[in-house]
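Since the structure comes first, as structure tokens, the remarks are kept for the end.
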Amino acid sequence: MNAHYLQDTMENFYLCSHLPICAFNKNGDELLTAGFLPNMAHLAIDTPIWLKEAQLTLQEQEHLTFTPKESIHFTLCPINPDDIEEGIYLIGPYTSSKHLMEDFPFKPAHCIPHLITLLYTLAEAQLETASSSAALHDDYSYHIIKAEEYIHTHFREPITLEALAKYLNLNKSYLCTIFKKATKDSFCNYTNKVRIEESKKLLLNTNEPMIDIALAVGFSSASYFNTIFKKVEGKTPLEYRKNA
């Protein structure tokens, strides 16, 4: 699990349980913390020893609890239950005594396995969210690529956003939104720019009249072609041809 998802998992766990939590790599180096305050550090002074013991014990057990002070506990469990090499969580301090006057969260021993299950459930949820986001991004990219391919293939025809949405099997409003986000242009502007680029080739390489070039690249009239060309290029098609 990368640092971003690990941090989110730990913060969500702390919000749900009010239990401080730290993550350590297999070498005992602290990676991240959530809810762990500096004044708790003296209680965890033997953490390196605990981690060394935990790496051996957690091969056989789901978790391991240490009691550095009467009724004050820390629990260790793997970051990944299937691979101890990914590191270890240190949960706590917490107390198992309702009567302890110090300010530690009260967690009876029988609650700890359930809290560890919660921790792993939160971790799985983070990974599922990440996978869903990646899949959504892939799907998004696919539709943009297909939309651009469609425009470059059919720009000579009177294509519409409705036709493109139907081709991609997408909602028209959704397509409009993602297309503009990806290309920084509306469907209409993007299509017209493709047509203008193609018209520039014809203006330079042929002697065809403006109306024929306009119709050849998908514009409905010479006047509309002239208007869009000047808007995009800053000059008319005729000026572009003469100055080339």
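To convert, count from 1 in the sequence shown and add 201; that's this note's numbering. For glycine and all other residues, C-beta sits at the position ideal for the given N, C-alpha and C. Just so you know, these numbers come straight off a predicted model, no measurement behind them.
Same chain, Cβ closer than 8 Å to residue i, five either side skipped, listed in chain order
i: Leu371; result: His344
i: Lys299; result: Phe307
i: Gln256; result: Lys227, Ile285, Ile289
i: Asn444; result: Lys436
Option in the options with minimal Cα separation from residue i
i: Pro306; options: Leu416, Ile360, Pro294, Ile313; result: Pro294
i: Ser342; options: Glu325, Leu376, Cys312, Pro221; result: Leu376
i: Thr437; options: Ser421, Ala417, Ser400, Leu416; result: Ser400
i: Lys394; options: Lys431, Ala364, Lys382; result: Lys431
i: Leu416; options: Asp209, Ala204, Ala445, Phe356; result: Phe356
i: Gln260; options: Lys270, Ile280, Arg396, His274; result: Ile280
i: Ile222; options: Ser422, Thr354, Thr384, Leu277; result: Leu277
i: Asp304; options: Leu238, His264, Ile379, Lys347; result: Leu238
i: Phe388; options: Leu216, Leu405, Tyr351, Lys270; result: Tyr351
i: His353; options: Thr392, Glu434, Ala366, Glu287; result: Thr392
Own chain partners of residue i with C-beta closer than 7 Å, once the 5 adjacent residues on each side are dropped
i: Leu301; result: Ser272
i: Glu212; result: Ala235
i: Thr268; result: His274
Expected contact under 8 Å - CB spacing of residue i and residue j to nearest Å
i: Leu320; j: Ile289; result: That belief does not hold up - the Cβ atoms of Leu320 and Ile289 are roughly 12 Å apart, past 8 Å.
i: Leu220; j: Leu316; result: 7 Å
i: Tyr206; j: Leu328; result: 7 Å
Proximity below 8 Å, CB of residue i to CB of residue j
i: Ser297; j: Pro314; result: no
i: Met411; j: Leu439; result: yes
i: Lys373; j: Leu362; result: yes
i: Glu434; j: Tyr441; result: yes
Cutoff 6 Å; reference residue i; Cβ partners in own chain excluding five residues on either side
i: Asp284; result: none
i: Gly419; result: Phe356, Arg357, Arg396
Test: residue i CB closer than 8 Å to a CB of chain D
i: Tyr295; result: Within the model displayed, chain D is absent; a lone protein chain is all it includes.
Exercise for the section: Counting only runs of 3+ residues fully inside the region 215 to 294, write out the beta strand (DSSP E) ranges in chain order. Expected result: Runs of the beta strand (DSSP E) inside the region 215 to 294: 222 to 225, 231 to 235, 265 to 270, 273 to 279.
Exercise for the section: Entirely within the region 352 to 378 and at least 4 residues each: give me those alpha helix (DSSP H) ranges in chain order. Expected result: The qualifying runs are 362 to 369.
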